[in-house]
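*Asks:* Protein chains in written order, with my numbering: chain R, 34 to 283; chain Y, 1106 to 1212.
Heads up, the beta-carbon is just placed ideally off N, CA and C, and yes, glycines get one too.
If you're wondering where the values come from, they're calculated on a predicted model, not measured in any experiment.
Could you have a look at this structure, given as structure tokens, before my questions?
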């Protein structure tokens, strides 16, 4: 356990140095642009968490912030989802072939619940997320996304199956304290529950669309229906999830 | 955050209802039906939601690429994959794709 903590700290600091070199104030991206600068920017663009990281890490008036202090403690934007993508590829890339997964044992069947592998994936996603976003919410949603992507890449799970498996993987993380391992804070558990509900909401919306017959297989309609898009797009602007009741995990 | 997360994931989940079945995985482009969202359509839909659209588009793209396979044309006639023209317009785009493949083969 202690080894893992040191390993993640080492990886985190290495990634922070790489981000410094690629996106820091001394990189080709240059100084942080002021919020009121004219758009579009005349040059390369950094997303919010990278700008915050670069400002924090490159502030000459302060001692260099090492990992995880270099991550913003108030940033829970969706930027964290991008952090999970290469990690999911690294941890899940060997078993794309469902037949190979089946031959490897039932644990790797499509839609199977979490294993040691998915736990290692979650821990690695948390480590890389905290480099720029040191918040439980960002970590929880990145873990949810990493678990989802890992299910598809590693086990060839169908989308709804992958969502259900990702929900289970998040729930499995809550049991760590109960098995004598180091548990984490109540805030982290709450954040994971929020991420799990978001997965359930997405699953419910897609199931409703399927049930309505608008997007079913064999239907010649191209893409999702207008009502589905309207509902889903409303979540881009409305932070409340109360309009949709998540279904329990099958 | 939850609202920014639901959009790309719901778009991805919808593919289950549109003919991309179990076992498709990264190499399953051939199983995508004509009515399922392509990489390009999914990414564009995620962007149209407004707000913090960059990361949401990355999320939608990652899911759809994992589901449909890689670059369009790289695995047969994969009209649902990452458009070749888009890769060409990203600086070091092909190199980035190559790194992604190598990353997935490391373990």
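Please identify the residue among 57(R), 93(R), 91(R) whose C-alpha is closest to the C-alpha of residue 78(R).
*Replies:* Residue 78(R) has its Cα closest to that of 57(R), out of 57(R), 93(R), 91(R).
*Asks:* Tell me, which residues are paired with residue 172(R) by DSSP?
*Replies:* Per DSSP, none; premise fails for residue 172(R).
*Asks:* Which residues in chain R have a C-beta closer than 7 Å to the C-beta of residue 1161(Y)? List them in chain order.
*Replies:* Neighbours of residue 1161(Y) on chain R, chain order: 111.
*Asks:* Kindly indicate which residue of 103(R), 67(R), 76(R), 47(R) has the alpha-carbon position closest to the one of residue 60(R).
*Replies:* Closest option to residue 60(R), Cα to Cα, is 76(R).
*Asks:* Taking residue 1205(Y) as the query, report the chain R residues whose CB atoms sit under 8 Å from its CB, ordered along the chain.
*Replies:* Result: 119, 122.
*Asks:* Measure from the C-beta of residue 1188(Y) to each C-beta in chain R and report whether the shortest distance is under 9 Å.
*Replies:* With 9 Å as the cut-off, residue 1188(Y) does not count as an interface residue toward chain R.
*Asks:* Count the C-beta pairs between the region 106-121 of chain R and the region 1184-1191 of chain Y that are closer than 8 Å, then say yes if the count reaches three, no if not.
*Replies:* As far as the Cβ criterion goes, the region 106-121 of chain R does not touch the region 1184-1191 of chain Y, which means the pair count is below three.
*Asks:* Could you tell me the distance, in whole angstroms, from the CA atom of residue 263(R) to the CA atom of residue 63(R)?
*Replies:* Whole-angstrom Cα-Cα distance: 39 Å.
*Asks:* For residue 41(R), go through chain Y and note every residue whose CB falls closer than 8 Å to its CB, in chain order.
*Replies:* Residues of chain Y passing the Cβ test: none, with the nearest at roughly 17 Å.
*Asks:* Distance cutoff 9 Å, beta carbons only. Does residue 1197(Y) sit that close to anything in chain R?
*Replies:* Not one chain R Cβ lies under 9 Å of residue 1197(Y).
*Asks:* What residue from 1165(Y), 1106(Y), 1157(Y), 1158(Y) has the CA that sits closest to residue 1120(Y)'s CA?
*Replies:* The option with the nearest alpha carbon to residue 1120(Y) is 1165(Y).
*Asks:* Would a check of beta-carbon distances place residue 192(R) closer than 9 Å to chain Y?
*Replies:* Yes, residue 192(R) lies at the interface with chain Y (some Cβ there is under 9 Å from its Cβ).
*Asks:* Who are the Cβ neighbours of residue 48(R) in its own chain at under 7 Å, not counting the five residues just before and after it?
*Replies:* Excluding sequence neighbours, residue 48(R) sits near 161, 164.
*Asks:* Please report how far the alpha carbon of residue 191(R) lies from the alpha carbon of residue 84(R), in whole angstroms.
*Replies:* Their backbone Cα atoms lie some 36 Å apart in a straight line.
*Asks:* For residue 50(R), which residues from the same chain have a beta carbon less than 7 Å from its beta carbon, with the 5 sequence-adjacent residues on both sides left out?
*Replies:* So the list is empty, once near-sequence residues are dropped.
*Asks:* Assuming residue 117(R) contacts residue 52(R) under a Cβ cut-off of 8 Å, what Cβ separation, rounded to an integer in Å, is found between them?
*Replies:* Not quite, the Cβ-Cβ distance comes to about 16 Å (not below 8 Å), so this is no contact.
*Asks:* Among residues of its own chain, excluding the 5 on either side of residue 91(R), which ones have a beta-carbon nearer than 6 Å to its beta-carbon?
*Replies:* Correct list, in chain order: 57, 58.
*Asks:* I want to verify the contact list: residues of chain Y whose CB lies under 7 Å from the CB of residue 234(R), in sequence order.
*Replies:* Here the neighbours are 1111.
*Asks:* Quick one: grab the DSSP three-state call for residue 110(R).
*Replies:* Reduced to three states, the DSSP call for residue 110(R) is coil.
*Asks:* Which first and last residues belong to the alpha helix (DSSP H) in which residue 1146(Y) is found?
*Replies:* Counting along the chain, the alpha helix (DSSP H) containing residue 1146(Y) begins and ends at 1144-1153.
*Asks:* CA-CA distance, residue 1148(Y) and residue 186(R)?
*Replies:* For residue 1148(Y) and residue 186(R), the distance between alpha carbons rounds to 19 Å.
*Asks:* Residue 1187(Y) by DSSP, collapsed to three states: which one?
*Replies:* DSSP places residue 1187(Y) in strand when its eight states are reduced to three.
*Asks:* Does residue 1202(Y) get closer than 9 Å to chain R when you measure Cβ to Cβ?
*Replies:* Taking Cβ atoms only, chain R never reaches closer than 9 Å to residue 1202(Y), which makes this a no.
*Asks:* Residues of chain B with CB under 7 Å from residue 164(R), in chain order?
*Replies:* Although the question refers to chain B, the structure presented lacks it and instead comprises the protein chains R and Y.
*Asks:* Just to make sure I have the definition right: I need the residues of chain Y whose C-beta is within less than 9 Å of the C-beta of residue 161(R). Which are they?
*Replies:* The premise fails here: residue 161(R) is roughly 13 Å from chain Y at the closest Cβ pair, so nothing lies under 9 Å.
*Asks:* I want to see whether chain Y comes within less than 9 Å of residue 81(R), judged by CB atoms only; does it?
*Replies:* Yes, its Cβ sits closer than 9 Å to a Cβ of chain Y.
*Asks:* Nearest by alpha-carbon distance to residue 234(R): which of 152(R), 205(R), 200(R), 223(R) is it?
*Replies:* Measuring from the Cα of residue 234(R), the nearest candidate turns out to be 200(R).
*Asks:* Hey, is residue 101(R)'s beta-carbon within less than 9 Å of any beta-carbon in chain Y?
*Replies:* By this cut-off, residue 101(R) is not an interface position.
*Asks:* Check whether chain R comes within 9 Å of residue 1171(Y), counting only Cβ atoms and requiring the distance to be less than that.
*Replies:* Yes, because at least one Cβ of chain R sits closer than 9 Å to the Cβ of residue 1171(Y).
*Asks:* Ignore the nearest five residues each way along the sequence and tell me which others in residue 173(R)'s own chain have a CB closer than 6 Å to its CB.
*Replies:* Correct list, in chain order: 224, 225, 228.
*Asks:* May I have the straight-line CA-CA distance separating residue 71(R) from residue 207(R), to the nearest angstrom?
*Replies:* Cα to Cα, the separation comes out at about 45 Å.
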